[in-house]
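A short worksheet on the structure shown next.
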Amino acid sequence: MGGKANGNGRGIVGRGANVIVVTGASSDMGREFVQQIAYWAAVGRVDADEIWVIARREERLRGLVGSVPVTVRPVALDLADADGLETYRGLLVEKRPNIVMLANCAGFGRMDHFENVPLGDELAMVDLNVKAPVAMVSHSLPYMRAGSRIMNLCSISGFLPCPYINVYAATKAFMVSWSRALGRELAHRGIKVTAACPYWVRTEFFDRAQPKPGERRPFHNFVGIMDARAVVRQIIEDTFHGRALSLPGWPAKVIFAATKLLPVRALMWSQLRLQELDGRP
Ligand SMILES: NC(=O)c1ccc[n+]([C@@H]2O[C@H](COP(=O)([O-])OP(=O)(O)OC[C@H]3O[C@@H](n4cnc5c(N)ncnc54)[C@H](OP(=O)(O)O)[C@@H]3O)[C@@H](O)[C@H]2O)c1
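Mapping the sequence shown onto our numbering, position 211 (from 1) lands on 1392, and the numbers just tick up by one.
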């Protein structure tokens, strides 16, 4: 299989174990993804020998070893760091896996007025939510074949400008746009790309996103918030089917429809009303 031209000028080089790669695997949606996809691998719906689980907290990644019915390889990396991404590339060169699925789940957000969020946090969001998945896909593609899947965990916020979480939403807008166009470009290789766009999901995301306890929290209304298990179940189903877009749960579907019908100003107005915000810091 090695060296076959694939149109990106780099050839298909994967000839080792069949591998599923999951970033953000140390908590919530990423971990749930690992648990559910391992079940599907065990029953033969996806042909995988190993799952590579990536995040910074190594002890949590190690906790997945032996807890699912597929071999798990913990790979502790900081994906917001160029060295972390280079380490991943080096691992691919060494192991030459056949990547059957890449799930980009790592990401974080900050909820506050733009003037209250340190610039370092805003730029770190761009590094982790945008640059890291682009690099992960670029490094992984030479190791993918026809039938491989890419799932990018975006957000329904990628369809509308979101005051008080504006950089995060903009990173997700990039991800939705990029994922859909990338899927079109990879169709000739039989590789499908799914942009998964959940509404609020009950996870540790909020621990990092919200201002510290005791400080004013602009966001307080999370009506319709969903559980990670159901959300991930739908995302995996849509990924298996190679759907370009996954909208898990009714709130994501309603908001998606609203973004097609209402002007952007009305969408932003209703978000501010919901959170009782007036645009000031
Ligand atoms: N929760 C929601 O309401 C919601 C809604 C829509 C979309 N999403 C998206 O869903 C994805 C998963 O979020 P979640 O809700 O499951 O949040 P979460 O529990 O906070 O998970 C985030 C994951 O990203 C990893 N991560 C963070 N910084 C990293 C770094 N520098 N390098 C490598 N890994 C890093 C974390 O692991 P370590 O800390 O161990 O590195 C963790 O595993 C994110 O992309 C998020 O934007 C969330």
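Glycine residues also receive a C-beta, built at the ideal position from the N, C-alpha and C atoms.
Values in this document were obtained by computation on a predicted structure and should not be read as measured data.
(message) Are the CB atoms of Val1203 and Cys1286 within a distance shorter than 8 Å?
(response) By one-based count along the sequence shown, residue 1286 stands at place 105. By one-based count along the sequence shown, residue 1203 stands at place 22. Yes; because the gap between Cβ atoms is below 8 Å, this pair is in contact.
(request) Ignoring anything shorter than 4 residues or poking outside the stretch 1392-1432, list the alpha helix (DSSP H) runs there in chain order. (result) 1409-1421
(message) On the criterion of 16 or more Cβ atoms from any shown chain inside 10 Å, does Arg1330 qualify as buried, or is it exposed?
(response) What you label residue 1330 is simply residue 149 of the sequence shown in a count that begins at 1. Arg1330 should be labelled buried.
(message) Per the DSSP calculation, Thr1204 is bridged to which residue(s)?
(response) By one-based count along the sequence shown, residue 1204 stands at place 23. According to DSSP, which records beta bridges pairwise, Thr1204 is partnered with Ile1235, Asn1285.
(request) For the stretch 1271-1278 and the stretch 1244-1253, state whether three or more C-beta atom pairs, one from each stretch, are separated by less than 8 Å. (result) no
(message) Quick check on Val1224: buried or exposed, where buried means 16 or more other Cβ atoms within 10 Å of its Cβ?
(response) What you label residue 1224 is simply residue 43 of the sequence shown in a count that begins at 1. By the 10 Å Cβ count, Val1224 comes out exposed.
(request) To the nearest angstrom, report how far apart Gly1460 and Phe1403 are at their CA atoms. (result) By 1-based counting over the sequence shown, the position of residue 1460 is 279. By 1-based counting over the sequence shown, the position of residue 1403 is 222. Cα to Cα, Gly1460 sits roughly 19 Å from Phe1403.
(request) Taking only runs that begin and end inside the stretch 1313-1339, name each unbroken alpha helix (DSSP H) of 4 or more residues, in chain order. (result) 1313-1321
(message) Could you tell me the alpha carbon to alpha carbon distance between Met1218 and Val1412, rounded to whole angstroms?
(response) Taking the first residue of the sequence shown as position 1, residue 1218 is located at position 37. Taking the first residue of the sequence shown as position 1, residue 1412 is located at position 231. In the sequence under discussion, the amino acid at residue 1218 is Ile, which differs from the Met named in the question. Cα-Cα distance, rounded: 13 Å.
(message) Considering just the uninterrupted stretch of the beta strand (DSSP E) at Thr1384, what are its terminal residues?
(response) For the purposes of this step, residue 1384 is taken as residue 203 along the sequence shown, with counting starting at 1. Premise fails: Thr1384 is in no beta strand (DSSP E) and is neither H nor E.
(message) Could you check whether Pro1432 and Tyr1380 sit closer than 8 Å to each other, using their CB atoms as the reference points?
(response) By 1-based counting over the sequence shown, the position of residue 1380 is 199. By 1-based counting over the sequence shown, the position of residue 1432 is 251. Against a cut-off of 8 Å, the Cβ pair of Pro1432 and Tyr1380 comes out as a contact.
(request) Identify which residue in Ala1313, Ala1425, Pro1344 has its Cα closest to the Cα of Phe1295. (result) In the sequence shown, the residue the question calls residue 1295 occupies position 114. The shortest C-alpha separation from Phe1295 is found at Pro1344.
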